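Protein chains in written order, with my numbering: chain L, 725 to 1161; chain R, 542 to 723. Ideal Cβ positions, reconstructed from N, Cα and C, are used throughout, including at glycine. Computed from a prediction, not measured in an experiment: that's the story for all the values here. Working notes, beginning with the structure itself.
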Amino acid sequence: MGYPHHPHPRETTVLSKHFGEADARTLDGWKKRGGYKALEKALGMQPVDIVNVVKESGLRGRGGAGFPTGLKWSFMKPGDGKPHYLCCNADESEPGTFKDRELMRWTPHALVEGCAIGAYAIGAETAYVYIRGEFTEPLHWMEQAVKEAYAAGIIGKNAMGTGKRIDVHVHRGAGAYICGEETALMESLEGRRGNPRIKPPFPAVSGVFGKPTTINNVETLIAAAPILMNGGDWYKKMSLSNPKSTGTKLFSVCGNVQRPGTYEVVMGFPFKEFLYDLCGGPLHGRKFKAVIPGGASVPIQTMEEAEGTLMDYEGFVAGGSMLGSGGVIVIDDAQPMVTVIARLARFFAHESCGQCTQCREGTAWTTKIVERIRDGEGTIEDLDTLLDIAEQMTGKTICVLSDSCAVPVVSGIKKFRGEFEALIQGRRFHPVTAAVA
Amino acid sequence: MTPDLVGGLESPDYASHDRAAHEPYTPVFTGAVKHELDELLTHYPTKMAALLPALWIVQRERGWVSEEGMVEVAGFLELTPAYVKGVVTFYTMYHQHPVGKYFIQVCTTSPCGICGAEDVVKALLRHTNAGELGITSQDGRFTVIEVECLGACGFATPVMVNEEFIESMTPEKVPELLARLP
Chain L
725 MGYPHHPHPR ETTVLSKHFG EADARTLDGW KKRGGYKALE KALGMQPVDI VNVVKESGLR
785 GRGGAGFPTG LKWSFMKPGD GKPHYLCCNA DESEPGTFKD RELMRWTPHA LVEGCAIGAY
845 AIGAETAYVY IRGEFTEPLH WMEQAVKEAY AAGIIGKNAM GTGKRIDVHV HRGAGAYICG
905 EETALMESLE GRRGNPRIKP PFPAVSGVFG KPTTINNVET LIAAAPILMN GGDWYKKMSL
965 SNPKSTGTKL FSVCGNVQRP GTYEVVMGFP FKEFLYDLCG GPLHGRKFKA VIPGGASVPI
1025 QTMEEAEGTL MDYEGFVAGG SMLGSGGVIV IDDAQPMVTV IARLARFFAH ESCGQCTQCR
1085 EGTAWTTKIV ERIRDGEGTI EDLDTLLDIA EQMTGKTICV LSDSCAVPVV SGIKKFRGEF
1145 EALIQGRRFH PVTAAVA
Chain R
542 MTPDLVGGLE SPDYASHDRA AHEPYTPVFT GAVKHELDEL LTHYPTKMAA LLPALWIVQR
602 ERGWVSEEGM VEVAGFLELT PAYVKGVVTF YTMYHQHPVG KYFIQVCTTS PCGICGAEDV
662 VKALLRHTNA GELGITSQDG RFTVIEVECL GACGFATPVM VNEEFIESMT PEKVPELLAR
722 LP
């Protein structure tokens, strides 16, 4: 639901149904709402059957990449004699995204249940929930939920009396955006600096502690329970557009909009109606100018693009962007685009782990140039330099942080070039051009 | 994290921290805290994996992570102090120097930036008398810093005071926030 607002009648609340209900955070409250029935059902099934139900549902990763969850789980081979691990990626740090925060602070037991189901399905006895260090409130509720679940025998060495061992541990990060990248997350969990690893080997072959590992987003794991209870077909039918995008999706909305919050809609919902109807449209006297629909790493959309978009994996691509993490940043006509882009570039420069030259140097250089333009000291050649750097930063590094920095810059220059040029033309004294003249 | 490669954010002046930094070090991991660490070690197949949680404990007990703290952690986890320092310096949340009694972090990344986060920073710097980012106020009470995305963009501007997370901060609400801190 559109927490912190009343649920909108056009939302379809599956995962966010109990947002705002303090009672749902406790084990008793969660059980009253049907909690842990899905885990009970799962533990009575064969792991391969759980994987098949999830495959059938069409569920795709909700962290950003959109990889089919059932397929990812099927890469793990239970019974191969090695310890397996499940990592829940709760390092939600993508600017604009705060859906996992709401899931964990309102329905922590849903995640414990999701982790237990996921762990059992992939033959893992241990699941780690890696929560970013700044999320003190979600951390508190998750730790309490895990404690309650252990005390009630729901998880532990004899999970729900089935003789199966499922441990769930909460692990706190310490301030590093890059640890949301799955291989960096595993490095961090092992007690190292969060430097992403080169793939292959992929985590399903050699993941955390060198063992087969699956990494899933919070929302993905929580979705597993209702899918098991209602069947893959039920989930698959929730789609308004494209059969490749199924189920409901949480979108966290922020920026210059009447009702920022976390909304849950069926895949394929019209983005225009979402922005103007559910989110209440622009602030009084203002107009929307642009939207970054999937967290800071996806291309900026013009309003023309956004208003024609259907909200699913394919729809956002057709609309010139990506669904990403579902973090919708709305920008109105009072905001200078160059300032917005400069601040995003600075974010990526700050968060680069520094392993790859293209990223370490590229993010810092990009920031310097965009800030120079913002301050009225840029030249028209700077735009070509930025595009050139962006090209050198794309597809050439161990992880995609470098690409993510290039994305808002390239899409910004392409779609809002006029704003860059206006700042450049009205520029103040510039020593380099003055010397040449 | 990497240091601020692009400039703009000044390095804090640590002169005011000298006193706390020169107090004699007493071990953190004794008694109940040692048991806490022992319990943590059961969560992982390697000792190294308990490094981040162990550093959190040091910071909770001492307010920051000193070189002596790193050496102590290294001893328990069978790591070298240099390795531990390498990890500490990667993550932004471990304080490598003493900070004010109230360590205030303000999100200024774009989503909050377009909702007026800069004004919240200015109000905090003015009302705490810290004056500048990263510098502790004369009375030792406040250190204010800007941070990257706190992950609560719909509740702009989020502010963290030590471990407390506060949503929807505005310049007008700053005096009220500071007044309730003991």
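Problem set entry | beta strand (DSSP E) runs wholly inside the segment 623 to 666 of chain R, at least 3 long, in chain order | Every unbroken stretch of the beta strand (DSSP E) spanning 3 or more residues and falling wholly within the segment 623 to 666 of chain R is given here in chain order: 643 to 648.
For this session: Hey, could you find the ends of the alpha helix (DSSP H) His833(L) is sitting in?
Result: In the first sequence, residue 833(L) corresponds to position 109, counting from 1. It spans Pro832 to Ala845 - the alpha helix (DSSP H) in which His833(L) sits, taken as one unbroken run.
For this session: Can you give me the Cβ contacts of Leu795(L) inside the same chain, cut-off strictly under 7 Å, excluding the 5 residues immediately before and after it?
Result: Your numbering for residue 795(L) matches position 71 in the first sequence. Once the five neighbours on either side are set aside, the close Cβ partners of Leu795(L) are Lys779.
For this session: Confirm, please, whether the CB-CB distance from Leu913(L) to Ala590(R) is below 8 Å.
Result: As a first step, residue 590(R) must be located in the second sequence, where it is residue number 49. As a first step, residue 913(L) must be located in the first sequence, where it is residue number 189. Contact flag set, yes.
Exercise. Does DSSP put Leu546(R) in a helix, in a strand, or in coil?
Worked result: Walking along the second sequence from the start, residue 546(R) turns up at place 5. Note that Leu546(R) scores a pLDDT of 46, beneath 50, so its modelled location is shaky; the value from the coordinates is reported in the next line. Reduced to three states, the DSSP call for Leu546(R) is coil.
Problem set entry | Identified DSSP bridge partners for Leu1168(L) | This structure cannot speak to residue 1168(L), because chain L is shown only from 725 to 1161.
Problem set entry | Beta-carbon gap between Thr1091(L) and Ala1073(L) smaller than 8 Å | For the purposes of this step, residue 1091(L) is taken as the residue at position 367 of the first sequence. For the purposes of this step, residue 1073(L) is taken as the residue at position 349 of the first sequence. Yes; because the gap between Cβ atoms is below 8 Å, this pair is in contact.
Problem set entry | Three-state secondary structure (DSSP) of Val932(L) | Position 208 of the first sequence, counting from 1, holds the residue named residue 932(L). Reduced to three states, the DSSP call for Val932(L) is helix.
For this session: With 8 Å as the C-beta to C-beta threshold (strictly closer), list the residues of the segment 970 to 989 of chain L near chain R in chain order.
Result: Residues passing the 8 Å Cβ filter: Ser976, Val977, Cys978, Gly979, Asn980, Pro984, Gly985 and Thr986.
For this session: Tell me whether Gly1142(L) is buried or exposed, calling it buried when 16 or more other Cβ atoms sit within 10 Å of its Cβ.
Result: Translated into the one-based positions of the first sequence, residue 1142(L) becomes position 418. Counting other Cβ atoms within 10 Å of its Cβ, Gly1142(L) stays below 16 and is therefore classed as exposed.
For this session: Can you give me, in chain order, the residues of the segment 687 to 703 of chain R that have a beta carbon less than 7 Å from any beta carbon in chain L?
Result: So the close ones are Glu689, Cys690, Leu691, Gly692, Ala693, Cys694, Gly695, Ala697 and Met701.
For this session: Could you check if Val775(L) is buried or exposed, using at least 16 other CB atoms within 10 Å of its CB as the buried criterion?
Result: Residue mapping note: residue 775(L) aligns to position 51 of the first sequence, counting from 1. Buried is the call here.
Problem set entry | Rounded distance between the beta-carbons of Gly1051(L) and Thr821(L), thought under 8 Å | Residue numbering aside, residue 821(L) sits at position 97 when the first sequence is read from its first letter. Residue numbering aside, residue 1051(L) sits at position 327 when the first sequence is read from its first letter. Indeed they touch by this definition, with Cβ atoms about 3 Å apart.
For this session: Determine the extent of the alpha helix (DSSP H) in which Ile1148(L) is found, giving its start and end residues.
Result: Translated into the one-based positions of the first sequence, residue 1148(L) becomes position 424. Membership of Ile1148(L) in the alpha helix (DSSP H) is indicated by the continuous run Arg1141 to Gln1149.
Exercise. What do you reckon, is the C-beta of Phe995(L) under 7 Å from a heavy atom of the ligand NAP?
Worked result: The model depicted lacks the ligand NAP and carries no ligand whatsoever.
For this session: Kindly give me the distance between the Cβ atoms of Ala658(R) and Val647(R), rounded to whole angstroms, as I take these residues to be in contact under 8 Å.
Result: Within the second sequence, numbered from 1, the residue matching residue 658(R) stands at position 117. Within the second sequence, numbered from 1, the residue matching residue 647(R) stands at position 106. Rounded to the nearest angstrom, the Cβ distance from Ala658(R) to Val647(R) is 6 Å, consistent with a contact under 8 Å.
For this session: Output yes if chain L places a C-beta closer than 8 Å to the C-beta of Trp605(R); else output no.
Result: Here residue 605(R) refers to the residue found at position 64 of the second sequence. Taking Cβ atoms only, chain L never reaches closer than 8 Å to Trp605(R), which makes this a no.
For this session: Pull up the distance between the alpha-carbon of Thr831(L) and that of Tyr1037(L), whole angstroms please.
Result: Position 107 of the first sequence, counting from 1, holds the residue named residue 831(L). Position 313 of the first sequence, counting from 1, holds the residue named residue 1037(L). Those two C-alpha atoms are separated by around 26 Å.
Exercise. Which partner residues does Phe1012(L) have in the DSSP bridge list?
Worked result: If you number the first sequence from 1, residue 1012(L) lands on position 288. Note: Phe1012(L) sits in a beta bridge opposite Asp1056(L).
Problem set entry | Lys806(L) classed as buried or exposed, judged by whether at least 16 other C-beta atoms fall within 10 angstroms | Residue mapping note: residue 806(L) aligns to position 82 of the first sequence, counting from 1. Classification for Lys806(L): exposed.
For this session: From the DSSP output, read off the bridge partner residues of His893(L).
Result: Locating residue 893(L) in the first sequence gives position 169, counting from the first residue. His893(L) is bridged to Tyr852(L).
Exercise. Where DSSP assigns a beta bridge to Cys812(L), which residues make up the other side?
Worked result: Against the first sequence, residue 812(L) aligns to sequence position 88. Under DSSP, Cys812(L) forms a beta bridge with Val853(L) and Asn940(L).
Problem set entry | Segments of 3+ residues assigned as beta strand (DSSP E) that fall wholly inside the segment 1041 to 1101 of chain L | Listed in chain order, the complete beta strand (DSSP E) runs (minimum 3 residues) inside the segment 1041 to 1101 of chain L are 1051 to 1056.
Exercise. So the beta strand (DSSP E) Ile1113(L) belongs to, where does it begin and stop?
Worked result: Taking the first sequence and counting its residues from 1, one reaches residue 1113(L) at position 389. No beta strand (DSSP E) contains Ile1113(L), which is instead part of the alpha helix (DSSP H) from Ile1104 to Met1117.
Problem set entry | Selection from Val1022(L), Asp747(L), Asp1112(L) and Ser1126(L) that minimises the alpha carbon distance to Thr1081(L) | Taking the first sequence and counting its residues from 1, one reaches residue 1081(L) at position 357. Cα-wise, what sits closest to Thr1081(L) is Ser1126(L).
For this session: Please report the residue range of the alpha helix (DSSP H) in which Leu751(L) lies.
Result: Mapped onto the first sequence, residue 751(L) falls at position 27. In the DSSP assignment, Leu751(L) falls within the alpha helix (DSSP H) that extends over Leu751 to Lys756.
Problem set entry | Own chain partners of Tyr555(R) with C-beta closer than 7 Å, once the 5 adjacent residues on each side are dropped | The sequence position of residue 555(R) within the second sequence is 14, counting from 1. Only weak support is given to the placement of Tyr555(R): the predicted model assigns it a pLDDT of 46, under 50, and the value that follows is read from those uncertain coordinates. Setting aside the 5 residues that flank it on each side, Tyr555(R) is surrounded in the same chain by His638, each with a C-beta closer than 7 Å to its C-beta; the list follows chain order.
For this session: Return the CA-CA distance between Gly627(R) and Arg917(L), expressed in angstroms with no decimal places.
Result: Start at 1 with the first residue of the second sequence, and residue 627(R) comes out as number 86. Start at 1 with the first residue of the first sequence, and residue 917(L) comes out as number 193. Note on geometry: alpha-carbon atoms of Gly627(R) and Arg917(L) lie some 7 Å from one another.
Problem set entry | Residue span of the alpha helix (DSSP H) that contains Thr860(L), given as start and end | What you label residue 860(L) is simply residue 136 of the first sequence in a count that begins at 1. Run containing Thr860(L): Thr860 to Ala875, per the alpha helix (DSSP H) assignment.
Exercise. At a CB-CB cut-off below 7 Å, which residues of chain L make contact with Phe706(R)?
Worked result: Numbered from its first residue, the second sequence carries residue 706(R) at position 165. Result: Thr860 and Glu861.
Problem set entry | Proximity to Ala843(L) [Cα-Cα], best of Asp815(L), Arg983(L) and Lys801(L) | Numbered from its first residue, the first sequence carries residue 843(L) at position 119. Considering only alpha carbons, the answer is Lys801(L).
Exercise. Alpha helix (DSSP H) containing Val598(R): first to last residue?
Worked result: Locating residue 598(R) in the second sequence gives position 57, counting from the first residue. Per the sequence shown, the amino acid found at residue 598(R) is Ile instead of Val. Counting along the chain, the alpha helix (DSSP H) containing Ile598(R) begins and ends at Leu592 to Arg603.
Problem set entry | Residue burial classification, Met953(L) (beta-carbon count within 10 angstroms, cutoff 16) | Residue mapping note: residue 953(L) aligns to position 229 of the first sequence, counting from 1. Residue burial is scored here from C-beta neighbours: Met953(L) has fewer than 16 other C-beta atoms within 10 angstroms and is therefore classed as exposed.
Problem set entry | Burial state of Asp815(L), where buried means 16 or more other Cβ atoms lie within 10 Å | Taking the first residue of the first sequence as 1, we reach residue 815(L) at position 91. Asp815(L) is buried by the Cβ-count criterion.
For this session: Give the DSSP-derived three-state secondary structure of Ala903(L) in the structure shown.
Result: Walking along the first sequence from the start, residue 903(L) turns up at place 179. Note that residue 903(L) corresponds to Cys in the displayed sequence, not to Ala. Helix at Cys903(L).
Exercise. Looking at the C-beta of Ala615(R), does it have a partner C-beta in chain L at a distance below 8 Å?
Worked result: If you number the second sequence from 1, residue 615(R) lands on position 74. Cβ-Cβ to chain L under 8 Å: no for Ala615(R).
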